[in-house]
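Protein chains in written order, with this note's numbering: chain U, 1 to 109; chain L, 1001 to 1388.
Note that beta-carbon positions come from the ideal geometry of N, C-alpha and C, so glycine has one too.
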């Protein structure tokens, strides 16, 4: 099974199992990682905002317009920001590293 | 009275006013009031207008953000792009622009020095155009943003945006274009220009003052930090209740510009050629400033051989035209030598003998003939008054 690493807000690295077909948001929830996901992956908020490790960013499928629209509203956006719900684990993402941002803002208002 | 100052502002086209008026009275809804019919109707009118503005520059409607005018659009584009880049840890600080830009661009760029950015002001040639190798040299250092105007507001020269934009994108910088004087006068296409941000103004294209727009590229996404905090209008980039009548007016102005701009330009080109020929015949030593061909139709920036421009204007009370950009006329009414004319190599004395003429949609053939007669007479020394 692929593995991935969450870098927590205090800098702690947590390597966890990342089952194929689950999104990064689902992997986080499965392991109790503090990633909100207020809209449960329906692309209606930006609370599952994660910052992808620079080495991994260009290996991901580029974001859709709808994801970019939600990222526009994310708090503390960085150059390699993505939404966790839109990244689905496959074999190529074995070893993926993502960082939790400093804070979130729920775009559902 | 003959109006020859269409680079300062243009009159509203009567069709624009007609389209706008109902949105002040019977159809006064807030475009944000989506719960009721009056609000939804206003929102639809805004989206229709957004589409017209987008089509004028080859953009998608979702890429248009309405603002109060080109000055605000320039501020939002330049400061917004710089501050966003800084907020995501982008280490680049260089912002490149031209010596002949409008003050709304130049001052934004130089003001950003106070926030740790590095302004770079490039010279232009005697013809007013930016040489590609001058830009390429500046782009050898990592650059965040380049801002280049499409059409100059004083000498009317048209920069080669596709050529310059390609250099900017090769260098990985963002590209902002101030198209306030270009929209509706010359064909504009955001893809051909490789532009990420384009500033537009309604009152330079026969719409009202107080409304403008900023094109913000969506793919790849161009991100900005907004200047204002507030409600989430305009994708959060420009919060504030939308001025529906003004937006409808800008949309109609853009629609007319797209439909009629080509024919307007042909006619204005012939009128400007005629005016220049008449003046050259009457005033030996008259010179045309800026590139003779790569200029917007209807613009003539002329240096007279003998009299100061302010004296020529005083002797021609029936003509409305200006010595330089109205936007740089100082609060006390004094006019300094134009920074554009000195940037293309004119001496301050020559700049003071220069007039900017901007013909427009409502300039008639008779206006041109009469203006030539008045200006020819007024430009001779010792003439008390030549115009009625």
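What does DSSP give as the partner residue(s) for residue i in the beta ladder?
{"i": "residue 1003 of chain L", "result": "L:1320"}
{"i": "residue 1354 of chain L", "result": "L:1303"}
{"i": "residue 1212 of chain L", "result": "L:1067, L:1201"}
{"i": "residue 99 of chain U", "result": "U:7, U:51"}
{"i": "residue 1044 of chain L", "result": "According to DSSP, residue 1044 of chain L bridges with nothing at all."}
{"i": "residue 1168 of chain L", "result": "For residue 1168 of chain L, which the question treats as bridged, DSSP gives no partner whatsoever."}
{"i": "residue 14 of chain U", "result": "U:6"}
{"i": "residue 1148 of chain L", "result": "L:1177"}
{"i": "residue 1373 of chain L", "result": "According to DSSP, which records beta bridges pairwise, residue 1373 of chain L is partnered with nothing at all."}
{"i": "residue 23 of chain U", "result": "U:88"}
{"i": "residue 1288 of chain L", "result": "L:1302"}
Ordered along the chain, which non-local residues of its own chain (more than five positions away) have a Cβ less than 7 Å from that of residue i?
{"i": "residue 1264 of chain L", "result": "1361"}
{"i": "residue 59 of chain U", "result": "92"}
{"i": "residue 51 of chain U", "result": "78, 80, 81, 98, 99, 101"}
{"i": "residue 28 of chain U", "result": "6, 35, 84"}
{"i": "residue 87 of chain U", "result": "23, 24, 60"}
{"i": "residue 1029 of chain L", "result": "1038, 1039, 1041, 1042"}
{"i": "residue 2 of chain U", "result": "18, 20, 89, 91, 93, 94"}
{"i": "residue 1092 of chain L", "result": "1085, 1142, 1143, 1144"}
{"i": "residue 1230 of chain L", "result": "1239, 1240"}
{"i": "residue 1125 of chain L", "result": "1131"}
For residue i, I'd like the list of residues in its chain whose CB is within less than 8 Å of its CB, leaving aside the five on either flank, ordered along the chain.
{"i": "residue 1024 of chain L", "result": "1245"}
{"i": "residue 1348 of chain L", "result": "1337, 1342"}
{"i": "residue 1122 of chain L", "result": "1096, 1097, 1098, 1099, 1130, 1134, 1135, 1138"}
{"i": "residue 1226 of chain L", "result": "1076, 1080, 1236, 1237, 1238, 1239"}
Among the options, which one has its Cα closest to the Cα of residue i?
{"i": "residue 21 of chain U", "options": "U:97, U:100, U:52, U:85", "result": "U:85"}
{"i": "residue 1057 of chain L", "options": "L:1177, L:1155, L:1169", "result": "L:1177"}
{"i": "residue 1267 of chain L", "options": "L:1014, L:1364, L:1139, L:1374", "result": "L:1364"}
{"i": "residue 1309 of chain L", "options": "L:1375, L:1339, L:1113", "result": "L:1375"}
{"i": "residue 18 of chain U", "options": "U:71, U:56, U:30", "result": "U:30"}
{"i": "residue 1062 of chain L", "options": "L:1204, L:1252, L:1188, L:1216", "result": "L:1216"}
{"i": "residue 1259 of chain L", "options": "L:1165, L:1109, L:1118, L:1187", "result": "L:1187"}
{"i": "residue 1203 of chain L", "options": "L:1348, L:1068, L:1026", "result": "L:1068"}
{"i": "residue 1243 of chain L", "options": "L:1009, L:1008, L:1050, L:1119", "result": "L:1050"}
{"i": "residue 1157 of chain L", "options": "L:1182, L:1166, L:1141", "result": "L:1182"}
{"i": "residue 1109 of chain L", "options": "L:1171, L:1079, L:1011", "result": "L:1079"}
{"i": "residue 1314 of chain L", "options": "L:1380, L:1359, L:1302", "result": "L:1380"}
{"i": "residue 1353 of chain L", "options": "L:1288, L:1359, L:1054", "result": "L:1288"}
Using a Cβ-Cβ cutoff of less than 6 Å, which residues in the same chain neighbour residue i once the five nearest sequence positions on both sides are dropped?
{"i": "residue 1357 of chain L", "result": "1004, 1300, 1321"}
{"i": "residue 1249 of chain L", "result": "1016, 1020, 1207, 1208"}
{"i": "residue 16 of chain U", "result": "31"}
{"i": "residue 1009 of chain L", "result": "1203"}
{"i": "residue 4 of chain U", "result": "18, 96"}
{"i": "residue 1350 of chain L", "result": "1303"}
With a cut-off of 8 Å on the beta carbons, I'd call residue i and residue j a contact; round off their distance for me.
{"i": "residue 1271 of chain L", "j": "residue 1368 of chain L", "result": "5 Å"}
{"i": "residue 1145 of chain L", "j": "residue 1082 of chain L", "result": "6 Å"}
{"i": "residue 1106 of chain L", "j": "residue 1132 of chain L", "result": "Incorrect: roughly 21 Å between the Cβ atoms, too far for contact."}
{"i": "residue 1256 of chain L", "j": "residue 1239 of chain L", "result": "Between residue 1239 of chain L and residue 1256 of chain L the Cβ distance is about 29 Å, and since that is not below 8 Å, they are no contact."}
{"i": "residue 1212 of chain L", "j": "residue 1073 of chain L", "result": "5 Å"}
{"i": "residue 1075 of chain L", "j": "residue 1104 of chain L", "result": "7 Å"}
For a cutoff of 9 Å on Cβ pairs, would you count residue i as touching chain C?
{"i": "residue 78 of chain U", "result": "The chain inventory of the structure shown lacks chain C, comprising the protein chains U and L."}
Any alpha helix (DSSP H) of 4 or more consecutive residues that is wholly inside the region 38-97 of chain U: 54-57, 65-71
Length at least 3, wholly inside the region 1206-1260 of chain L: the beta strand (DSSP E) runs in chain order: 1212-1216
Going along the chain, which unbroken runs of the alpha helix (DSSP H) with 4 or more residues stay wholly within the region 1055-1142 of chain L? 1070-1087, 1103-1111, 1132-1138
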